[in-house]
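Below: one structure, written as structure tokens.
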Amino acid sequence: MDGMAQADEGWTVAGRRFRSRLVVGTGRYKDLPETQAAIEASGAEMVTVAVRRVNLSDASQPMLQDFVPPDRYTYLPNTAGCFTAMDAVRTLRLAREAGGWNLVKLEVLGPPPFLYPDMAATFEAAAALLADGFEVMVYCADDPVAAKRLEEMGCVAIMPLGAPIGSGLGVANPFMIKAIIAQAKVPVLVDAGIGTASDAALAMELGCDAVLLNSAIAHARDPVRMARAMKAAVEAGRDAFLAGRMPRSAAADPSSPVSGLIR
Amino acid sequence: MTAQIAIQVNGESRQVPQGASVAELLALIGLAAPKVAVERNLEIVPRSAWASTPLAEGDRLEIVHFIGGG
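Taken in sequence, the protein lines are chains P and V. If you read the first sequence in our numbering, its first letter stands for residue 1, the second for the next number, and so on. If you read the second sequence in our numbering, its first letter stands for residue 1001, the second for the next number, and so on.
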């Protein structure tokens, strides 16, 4: 070794390589220029997008694509707002037609106030999408059994929640996230719940391949600055994971030599 | 005057000329944007079939695009 740490080579999902381990949403910003500036600052290469009806009364309004160009960022269409497997499958078939690619984020949600993943409906939708040729990155409960089953079905990434969507509560159950990572052969992303930079760093220190977040940036007082913080946090967390943390000790262990003290 | 038929587009009732295609409907709405997708009666209408797919009375269409989301 020459003493220099190896640069992070990034991660791969469904044969696509990404240098940035931060995946960001494009929702909840003040306007499209702010969306553009925050995503630029985050360094993300993959962004989630929603599929919605066009506004028939004003078809000329500005489009996301004009600010977040799909030839520069990998669009990951989501099924946010879908509460049934059928709605999720319909939404992603439309997304594939609109965008022309197969890589998607599946999420089927339970009712408010938690919008917790509806795993029965998620399995149903995943099976239909996989049979239809989609490459499915799946939002799921932090449940190692469910996560393994989704992987065995053929999902290309497992994305357990850190905490409920938009809650900013951080990684509520780091032990189960670690358990999911330990058994997975596909990338694991913490998706949802990240509130601030230290949450993203913690997720990466657990050994996640990447982190997916939106509100933590969009709802910060200064979204562009928080985007920059998230970029640094994800890089720091990854490095810390690779470096391997020191053991915890209940007692002090001084860093300075105990010999040679003046008397 | 061409006869009109009633269809639903994104949940709104709309009259279009009899025999109009999906492509003609998009032109009527003013959707020149290439990045939309169309579903007709729960089936995707591929872009390549927009011009050759005629609309029928009572059709239910969804026209969608990408917007910001998490």
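Glycine included, C-beta positions come from ideal geometry on N, C-alpha and C.
Candidates the options, of which the one nearest residue i by Cα
i: G1019 of chain V; options: V:G1011, V:L1042, V:A1037 and V:A1051; result: V:A1051
i: G162 of chain P; options: P:G193, P:T12, P:L94 and P:P254; result: P:G193
i: L150 of chain P; options: P:I165, P:E135, P:F123 and P:W11; result: P:F123
i: Y139 of chain P; options: P:Y116, P:A127, P:V145 and P:G133; result: P:Y116
i: R225 of chain P; options: P:G237, P:A197, P:F175 and P:V47; result: P:A197
i: A146 of chain P; options: P:Q36, P:G170 and P:A120; result: P:A120
i: I1007 of chain V; options: V:I1044, V:E1057, V:V1064 and V:E1062; result: V:E1057
i: L1061 of chain V; options: V:E1012, V:I1005, V:Q1004 and V:A1003; result: V:E1012
i: A128 of chain P; options: P:R90, P:G170 and P:V234; result: P:R90
i: P160 of chain P; options: P:V190, P:G170 and P:D118; result: P:V190
i: P111 of chain P; options: P:G100, P:R19 and P:P164; result: P:P164
i: G207 of chain P; options: P:Q36, P:S42, P:F114 and P:M176; result: P:M176
i: L213 of chain P; options: P:A184, P:G170, P:L92 and P:P247; result: P:G170
Spatial distance of residue i from residue j (CA atoms)
i: L109 of chain P; j: A80 of chain P; result: 8 Å
i: A23 of chain P; j: A210 of chain P; result: It should be pointed out that residue 23 of chain P corresponds to Val in this sequence rather than to Ala. Between V23 of chain P and A210 of chain P, the C-alpha separation is close to 7 Å.
i: V258 of chain P; j: R228 of chain P; result: 41 Å
i: N1041 of chain V; j: K148 of chain P; result: 36 Å
i: A44 of chain P; j: G1069 of chain V; result: 15 Å
i: A220 of chain P; j: D199 of chain P; result: 14 Å
i: R1014 of chain V; j: F1066 of chain V; result: 23 Å
i: A179 of chain P; j: V1016 of chain V; result: 57 Å
i: P144 of chain P; j: V1045 of chain V; result: 39 Å
i: A182 of chain P; j: N173 of chain P; result: 15 Å
i: A98 of chain P; j: E152 of chain P; result: 29 Å
i: R21 of chain P; j: D8 of chain P; result: 10 Å
i: V1038 of chain V; j: W11 of chain P; result: 34 Å
i: S1048 of chain V; j: D142 of chain P; result: 42 Å
i: V1035 of chain V; j: Q65 of chain P; result: In the sequence as presented, Val is not what sits at residue 1035 of chain V; that position holds Lys. Spanning the two alpha carbons is a distance of roughly 9 Å.
i: L261 of chain P; j: S249 of chain P; result: 25 Å
i: P70 of chain P; j: L32 of chain P; result: 14 Å
i: L202 of chain P; j: G195 of chain P; result: 11 Å
i: D84 of chain P; j: D118 of chain P; result: This sequence places Thr at residue 84 of chain P; Asp is not what is there. Roughly 9 Å between the two C-alpha positions.
i: E235 of chain P; j: V1064 of chain V; result: 36 Å
i: I1029 of chain V; j: I1005 of chain V; result: 16 Å
i: E1043 of chain V; j: R93 of chain P; result: 9 Å
i: A271 of chain P; j: Q36 of chain P; result: As shown, chain P starts at 1 and ends at 263. That puts residue 271 of chain P outside it, with no answer to give.
i: M86 of chain P; j: G100 of chain P; result: 20 Å
i: L1026 of chain V; j: I158 of chain P; result: 38 Å
i: M1 of chain P; j: L1031 of chain V; result: Caution applies to M1 of chain P, whose pLDDT of 45 falls short of 50 and renders its modelled position unreliable; the value that the coordinates give is listed next. Looking at the two C-alpha atoms, the distance is approximately 59 Å.
DSSP bridge partner residues for residue i (one or two, in chain order)
i: E1043 of chain V; result: V:R1040
i: P1054 of chain V; result: V:S1021
i: D270 of chain P; result: With chain P represented from 1 up to 263, any question about residue 270 of chain P goes unanswered, as that position is not in the structure.
i: W11 of chain P; result: P:F18
i: Q1008 of chain V; result: V:S1013 and V:R1060
i: G25 of chain P; result: P:T48
i: Y139 of chain P; result: P:M159
i: Y75 of chain P; result: P:V47
i: A105 of chain P; result: It is Lys, not Ala, that sits at residue 105 of chain P in the sequence shown. Looking at the DSSP assignment, K105 of chain P forms a beta bridge with P:M137.
i: P117 of chain P; result: P:L109
Neighbourhood of residue i by C-beta distance below 8 Å, restricted to the same chain and skipping five residues each side
i: V156 of chain P; result: V13, A14, L103, E135, V136, M137, V186 and P187
i: S1021 of chain V; result: W1050, A1051, S1052, T1053, P1054 and L1055
i: A232 of chain P; result: A197
i: V47 of chain P; result: V23, V24, G25, T26, I39, V68, Y73, T74, Y75 and L76
i: R17 of chain P; result: G10 and W11
Cut-off 7 Å between Cβ atoms - residues of its own chain near residue i, not counting five sequence neighbours on either side
i: P223 of chain P; result: Y29, E34, A38 and I217
i: A88 of chain P; result: T79, C82, L106, V108 and A125
i: E205 of chain P; result: G237, A240 and F241
i: A95 of chain P; result: V51, P77 and V104
i: G133 of chain P; result: N102
i: S215 of chain P; result: R28, G166 and G168
i: S42 of chain P; result: L22, V24, I217, A227, M230 and K231
Cutoff 6 Å; reference residue i; Cβ partners in own chain excluding five residues on either side
i: V49 of chain P; result: T26, Y75 and P77
i: G154 of chain P; result: L130
i: A1023 of chain V; result: W1050 and A1051
i: A1003 of chain V; result: Q1018
i: F114 of chain P; result: P164
i: R19 of chain P; result: G10
i: V1009 of chain V; result: L1061
i: R263 of chain P; result: none
Contact test: residue i Cβ vs the ligand PLP heavy atom, cutoff 7 Å
i: K30 of chain P; result: Of the ligands one can find in the structure shown there are none, so the ligand PLP has no counterpart to examine.
Answer yes if the stretch 246 to 255 of chain P comes into contact with the stretch 46 to 61 of chain P, meaning at least three C-beta pairs across the two stretches below 8 Å, and no otherwise. no
Do three or more CB pairs link the stretch 51 to 58 of chain P to the stretch 233 to 245 of chain P at distances below 8 Å? no
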